[in-house]
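Numbering (UniProt numbering), first residue to last: 1 to 263.
Notes follow the structure.
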């Protein structure tokens with residue numbers, strides 16, 4: 001959730017009964033519920049003739065473009081400076097890479113960021129960081145593609161893998177899902193995703209959100225305690241893929257204060 005003006009959201013239903021919320025710019029996964037007809041349902045078709053191998057080719061092309069971006073430079077400098085020690089990386093709510101809809105390119109760019117951060121973590125720490133991903137929008141093709149990147153797709157309960165040495169990556173999962181399910185009560189060393197607030201009152205529209213407001217405010221306050229953060233700089237290759245995403249970490253005694261990049 002971004003602190004600025006919100007774009008219009010629409011709820012759609014995925015094949016397995018999970019609700020997916022589209023922000024125009026993004027989608028997030030929330031709790032399972034019974035299937036029902038919802039306007040604008042998640043597309044069931046995958047891109048014609050697409051294979052896991054072809055997806056990998058697309059991904060590597062994006063990686064080539066990524067290497068020259070300001071965001072790639074920012075991440076490299078952060079990783080070198082902070083030297084986070086991470087054992088596992090959890091990617092939550094990134095969306096489908098193969099379904100025949102406009103969001104798949106946004107999801108691929110977000111995956112490029114995830115994989116890039118893990119590459120730097122492996123390089124700095126010298127040990128393997130295990131990667132996992134969960135999203136009900138994943139197709140069999142998505143899962144096969146992720147396997148080629150050494151990312152294990154899990155169907156549920158990815159949060160049970162979380163430890164204090166976890167990197168949590170959750171691009172655009174909404175606050176009333178993210179905090180109760182994936183951040184509240186956990187203490188990951190590194191989190192990259194939506195901005196975390198200590199008061200969501202302005203965004204608690206609807207009974208389901210109001211019911212979780214006090215709990216989420218408490219989780220947000222606790223999470224922000226003792227953490228530093230920086231906003232991901234503007235990404236010229238895709239206007240919306242990384243917009244509003246922040247990096248949060250627990251500083252060490254030698255950490256210098258890190259400031260947001262200029263707008």
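Cβ coordinates follow ideal geometry from the N, Cα and C atoms, glycine included.
Item	Value
Beta-bridge partners of residue 252, as assigned by DSSP	According to DSSP, which records beta bridges pairwise, residue 252 is partnered with nothing at all.
Local Cβ density within 10 Å of residue 45, reported as buried at 16 or more and exposed below that	exposed
Residue 109 (DSSP reduced to helix, strand or coil)	helix
Buried versus exposed call for residue 70 [16 or more other C-beta atoms within 10 Å across all chains shown]	exposed
Which listed residue (189, 74, 87 and 221) has its alpha carbon closest to that of residue 175	221
Residue 113 classed as buried or exposed, judged by whether at least 16 other C-beta atoms fall within 10 angstroms	buried
Residue 124 versus 93, 244, 165 and 81, residue with shortest Cα-Cα distance	81
Beta-carbon proximity of residue 216 to residue 179, cut-off 8 Å	yes
Residue environment, residue 37, which counts as buried when at least 16 other CB atoms sit within 10 Å	No answer about residue 37 holds up, because its pLDDT of 30 lies below 50 and its placement is not dependable.
Proximity of residue 49 and residue 97 at Cβ, strictly below 8 Å	no
Start-end ranges of the alpha helix (DSSP H) lying completely within the region 147-187, minimum 4 residues	175-178
DSSP state of residue 65 mapped onto helix, strand, coil	helix
Residue 264 burial status per 10 Å Cβ neighbour count (16 or more: buried)	As shown, the chain starts at 1 and ends at 263. That puts residue 264 outside it, with no answer to give.
Any 3 or more C-beta pairs closer than 8 Å across the region 82-93 and the region 148-161	yes
Straight-line Cα distance separating residue 210 from residue 117	34 Å
Identified DSSP bridge partners for residue 192	169 and 247
Distance, residue 167 Cα to residue 229 Cα	14 Å
Beta-bridge partners of residue 90, as assigned by DSSP	132 and 168
Same chain, Cβ closer than 6 Å to residue 110, neighbours up to 5 away in sequence not counted	94, 171 and 241
Outcome for residue 147 when other beta-carbon atoms lying within 10 angstroms are tallied against a minimum of 16	exposed
Of the residues 130, 218 and 206, the one placed nearest residue 185, counting alpha carbons only	218
Distance CB(residue 62)-CB(residue 145) smaller than 8 Å	no
Selection from 84, 200, 207 and 187 that minimises the alpha carbon distance to residue 252	84
CB contact flag (residue 78, residue 247, <8 Å)	yes
Residue 208 to residue 199 span [Cα, whole Å]	16 Å
With 16 other Cβ atoms within 10 Å as the buried cut-off, status of residue 67	exposed
Coil, strand or helix - residue 44 by DSSP	coil
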